[in-house]
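Read in order, the letters of the sequence shown are residues 6 to 214 in our numbering.
We treat Cβ as the ideally placed atom computed from N, Cα and C, and that holds for glycine.
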Amino acid sequence: MVRVKICGITSAADAQAAIEAGANLLGFNFYEKSPRHIAEDQAAEIRARLPKKIKAVGIFVNRLPADVIALRGSLELDAVQLHGDESPETVAEIAPVVPVIKAFRVEPEFPLTTLDKYARAFAFLFDAAHTDQYGGTGRTTDWDVARRASSSRRIILAGGLKVENVAAAVRIVRPYGIDVASGVETSPGKKDHGLLREFIQEVRRAERK
6 MVRVKICGIT SAADAQAAIE AGANLLGFNF YEKSPRHIAE DQAAEIRARL
56 PKKIKAVGIF VNRLPADVIA LRGSLELDAV QLHGDESPET VAEIAPVVPV
106 IKAFRVEPEF PLTTLDKYAR AFAFLFDAAH TDQYGGTGRT TDWDVARRAS
156 SSRRIILAGG LKVENVAAAV RIVRPYGIDV ASGVETSPGK KDHGLLREFI
206 QEVRRAERK
């Protein structure tokens with residue numbers, strides 16, 4: 006089964022809509038410069054209401070490992086996503102405490118050997134390349150690179166996914182998971198509940214083919 010992660014959750018209503026639509030994971034963005042940033046106390050309130058089957062993922066950009074580990078404990082996060090320029094050493098320090106999803110901004114010439122350096126990561130998220138923005142750009146990731154990586158790694162595909170193209174992405178890449186934010190929004194951080202349902206329906210439809 007392809008896991009579906011709805012990223013940039015900022016309200017209890019959006020969290021509930023994502024769950025009802027069939028999401029497996031919800032992403033809470035703690036990067037203060039992101040338009041989808043959520044305060045820790047707000048995230049804690051939403052997290053406390055989540056069913057056990059729904060996994061909560063905290064998104065961090067270049068935070069100290071101690072900070073990430075502390076927030077993981079206080080918010081009972083099931084996994085953390087490191088979406089900045091974190092080193093293999095940072096991943097190795099956090100990984101014994103909580104599963105780490107290491108994100109990369111992927112260009113066509115992205116060397117897959119880079120992943121070998123991050124062997125302690127549980128999974129890798131492939132996002133679209135952007136020089137000055139960490140995720141949420143709406144740009145499409147290079148699916149060919151992701152397809153080659155997914156044959157031997159847990160790859161979560163992100164970047165420019167929406168109702169119109171996610172089925173093709175699933176069929177071509179065969180990823181471990183799918184991550185979406187802007188593709189199911191009316192504005193940054195505000196989810197369109199109808200699009201949430203359609204998006205996840207398209208993922209499940211593609212799996213059956």
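Check                                                                                                                                                     : Outcome
Would you call the segment 80 to 90 in contact with the segment 98 to 110, where contact means no fewer than 3 C-beta pairs closer than 8 Å?              : yes
Suppose the cutoff is 7 Å on Cβ atoms and the five residues either side in sequence are ignored; what does the same chain contact list for R41 look like? : G13, T15, N34, G141, A186, P193 and G194
Quick check on the DSSP output: the beta strand (DSSP E) that includes V175 runs from which residue to which?                                             : Run containing V175: none in the beta strand (DSSP E); it sits in the alpha helix (DSSP H), V171 to V178.
Using three-state DSSP, classify H42 as helix, strand or coil.                                                                                            : strand
Give me the Cα-Cα distance between A28 and R110, rounded to the nearest whole angstrom.                                                                   : 24 Å
In this structure, how does DSSP classify E94 when only helix, strand and coil are distinguished?                                                         : helix
In angstroms, rounded to a whole number, what distance separates the CA positions of A211 and G199?                                                       : 19 Å
Which of the three DSSP states, helix, strand or coil, is assigned to I205?                                                                               : helix
Within 10 angstroms of its Cβ, does R213 collect 16 or more other Cβ (buried), or is it exposed?                                                          : exposed
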